[in-house]
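Notes to accompany the following structure.
In our numbering, the protein residues as written are 293 to 1265.
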């Protein structure tokens, strides 16, 4: 497709310094100041290292508002060093965390003092994040030079005034007075092409894409209301392009097509692995195809005739960190303007696949947009909450959402406003940002002085409910803020599932589930939308797939993500392992993980069940098969069971040599309240489930030999699972984590002599097997029928002994209620659903949640404290997987024939519910189901779409076959 474009990738005419991210560099200059503030390792104006050079000392500080720190802002002294004489020249060399500083040729610092990043590695930052902090003093700078590896990246004698925004350039000196400026942050790339139209236009289409994000305009107007085009794929292999009908946007005579580029995932921060994972500079490719009424046509494409400028409003932009916009630099793209210079031609990066994949750089392709682009789907009006102790103004948009804001302000030209975002607030009104980790999540807007100014960041995305507004280096008043609206952005906008019942807390839970899905289904299905992660975690997606498909139309969105998943497997693993995230980004978790890699089978199957589109299975079959083969071909020789961090689990390793027991890495029942479930147990259960799905898929696709092979494989894994963990009485037992409260413990001695203590978990011991252990075994049909009745008893006990409370984590969450219903324990499932104490689904609802929390205890209302800051998202859809049970069991809507050509209606009542009603819009039409209890009667009404059939099974045992139409039934309870 790249050749079909017949256009060039274009961008900046030169590789600017800010494209480099290194951990070694040298800065030198001469200066005149009694208090020079040299800034290095700057991520933005709130996160940097400060070298405060005074007459007799040099102090080095880490300045940060990083969410990992306890105070905001945070200033940590890294060291103070004595200076023997007055200085007027410096040479600073940084090598990873080592600092070597010379003043007037004398060594002042040679110490390993710089902070490391969150994975304990030397920080790599954009090299042009160098600047000066002279907020309380004046400095004259000359002969500034920045270099790395003997390559001079910046050398400026300040004769041409290019850096005049920092201060006053005169006579070869840069004078900075009471200001803080970074020399050259990472600006947006601005491109344009002016042309004339001299004929009558019949039609015009624009095809565009970018390495990074882009906004394309015709004659100064955006060609669409999209955000974050071209989306997120693995740029090493595939980039989407978008198509726009721009016929009505072109004018007779002079026209201009322009584009503004942001870093996006391409060169910006991508996950918690840092920036520039895919490349160093943003670039743009486009073709404008114009057809005239006389039958002729014209193509305007990106080439060397385009113009470039970085002297534009967006001075810095990052999807994770935020956007800085200076309205004083706005321009008319049609006007003659000296800011424009000839653009540069950029080569498509030829980056080889970095691991053992099967594709090379020659496989790169541009592909058409699949599914909806990201758009604003709802506007939430912000309400003023308070002026907090920091004299910042806090607004509440009323919904934890994902997207950006629309800020309307008024003020003087040059006043600058800082906007920060949080999901929660502290009691004093300060926004809670510790859970953001290293994501700055901050926008900056500098006013131009119009009566009313509007700011909508277009290249940054935030997960938030609360907006905090303050002055950026200046004082502002609340009167300057006219309005603050939250603009929710998503790739999905069509609701397919509705649910309501007599319990308002459960109704709010359903609302929270949906909004967690809407927010996180942005570009890719992310785990969370706010911190320095936002990755397409496979484990999260597989547990939520069915719930997601009931709530919203996600067919094309997930179809695109399945392409990402296939790409990830194919690019990084010849052996069939599925990486933990897709697209992989900068993550290195590529070796396949039980319960996470199983998304390769579970997600395609759930999509086929819902939509009945066999093309999904055909496309994914090779991926599904490779994953299952990988699971069952792991070399078990001298290999014990290991966690994802490589730690061996000795008490489970005695099972590792048994055929069909899974020993690939696993992270187990993530964030569970009962961490006893062995990784090897859950990995084997999921391996059986994947084999079961694959055998059914092979049958549907007519692959007879494969059907036979994977039927046998499923039975073999099931047999091994039972031999290892299922007892004759239907209970399960296993060795789990150590507990000091039980006498049923032993120890295992490793080859290196280390001793690991473990606990034996079995019925009638102080610690019994987990809820997740039973849920997986039951829901995956791993318990033999002759034992299932007894298993039911033990399964129920795993709930009751915890006072009807949950203990499950990520791997158990989507299977707990369905498994209980499968063995006739609907009453227990209803009890779990209606539980309001921690841990429970309704605990967060009672405490004001508007989306699903990552942890059962993300916020502990009784103490007013927050959960573990390292992973504490307040918008994490995984635990919302209970939502599928609302539809499959409470309403009783589930497919019989894939795609709901025929389906089951089997409503259930229980707990304290007196009514439930809802609907699901299937590919064949809307299915409705509603019941209520009143005056000792059960009343049920339903609607069956035309050209479908339904089997209705009422709670009293009556069974009816229904065709298209509406029905009403009633019986005594």
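All C-beta atoms, glycine included, are put in the ideal place defined by N, C-alpha and C.
None of these values were measured; they are calculated from a predicted model.
Residue i versus the options, residue with shortest Cα-Cα distance
i            : options                  : result
residue 263  : 1237, 1177, 531 and 1228 : One cannot answer for residue 263 here, as it falls past the ends of the chain, which runs 293 to 1265.
residue 383  : 389, 376, 393 and 374    : 393
residue 1154 : 1135, 1171 and 1145      : 1135
residue 1227 : 1236, 1265 and 1241      : 1265
residue 784  : 665, 687 and 727         : 665
residue 847  : 921, 947 and 896         : 896
residue 850  : 606, 1235 and 525        : 525
residue 1006 : 619, 1073 and 712        : 1073
residue 860  : 837, 829 and 886         : 829
residue 691  : 684, 807, 438 and 748    : 807
residue 301  : 786, 658 and 588         : 658
residue 774  : 868, 728, 710 and 674    : 674
residue 1172 : 812, 986 and 857         : 812
residue 1059 : 1077, 1081, 839 and 1027 : 1027
Three-state class that DSSP yields for residue i in the structure shown
i            : result
residue 469  : strand
residue 672  : strand
residue 405  : coil
residue 1081 : helix
residue 299  : coil
residue 1007 : helix
residue 1223 : strand
residue 325  : coil
residue 912  : helix
residue 899  : helix
residue 850  : helix
residue 921  : helix
residue 1146 : coil
residue 666  : strand
residue 1181 : helix
residue 1092 : helix
Backbone CA spacing between residue i and residue j [nearest angstrom]
i            : j            : result
residue 579  : residue 1183 : 50 Å
residue 505  : residue 435  : 35 Å
residue 1036 : residue 1016 : With a pLDDT of 46 at residue 1036, under the threshold of 50, the modelled position of this residue cannot be trusted; read the value that follows with caution. About 19 Å.
residue 599  : residue 803  : 48 Å
residue 751  : residue 617  : 11 Å
residue 1213 : residue 581  : 38 Å
residue 331  : residue 355  : 10 Å
residue 892  : residue 662  : 19 Å
residue 338  : residue 967  : 39 Å
residue 816  : residue 915  : 19 Å
residue 1284 : residue 715  : The first residue shown for the chain is 293 and the last is 1265, placing residue 1284 beyond what the model contains.
residue 1138 : residue 1097 : 16 Å
residue 1128 : residue 391  : 54 Å
residue 1000 : residue 1200 : 37 Å
residue 724  : residue 758  : 9 Å
residue 1251 : residue 1244 : 5 Å
residue 1187 : residue 722  : 48 Å
residue 826  : residue 555  : 16 Å
residue 440  : residue 573  : 18 Å
residue 704  : residue 746  : 14 Å
residue 577  : residue 656  : 15 Å
residue 398  : residue 322  : 14 Å
residue 749  : residue 948  : 52 Å
Beta-carbon separation (whole angstroms), residue i vs residue j, contact threshold 8 Å
i            : j            : result
residue 668  : residue 517  : 7 Å
residue 350  : residue 406  : That belief does not hold up - the Cβ atoms of residue 350 and residue 406 are roughly 14 Å apart, past 8 Å.
residue 753  : residue 694  : 7 Å
residue 1064 : residue 1103 : 6 Å
residue 920  : residue 857  : About 15 Å separates the two Cβ atoms, so there is no contact after all.
Heavy atom of the ligand NAP within 7 Å of residue i beta-carbon
i           : result
residue 552 : Questions concerning the ligand NAP fall outside what the structure shown contains, since it holds no ligand whatsoever.
- Item | Three-pair Cβ contact test at 8 Å for the region 567-576 versus the region 535-546 | The region 567-576 is not in contact with the region 535-546.
- Query: Any contact of the region 583-602 with the region 623-643, i.e. 3+ C-beta pairs under 8 Å?
  - Reply: Yes, they touch.
- Task: Would you check if there are 3 or more beta carbon pairs closer than 8 Å linking the region 1196-1210 to the region 772-782?
- Result: The answer is no - the region 772-782 does not touch the region 1196-1210, with fewer than three Cβ pairs under 8 Å.
- Task: Examine the Cβ distances between the region 1109-1126 and the region 1078-1089 and report whether three or more of them are shorter than 8 Å.
- Result: Taking a contact to require three or more Cβ pairs closer than 8 Å, the region 1109-1126 and the region 1078-1089 qualify as touching.
- Message: Count Cβ pairs between the region 486-496 and the region 584-593 that sit closer than 8 Å; are there 3 or more?
- Response: Yes, the region 486-496 touches the region 584-593.
- Query: Given 8 Å as the limit, is there contact between the region 985-993 and the region 958-975, that is, 3 or more CB pairs closer than that?
  - Reply: Judged by Cβ distances under 8 Å, the region 985-993 makes no contact with the region 958-975, as fewer than three pairs qualify.
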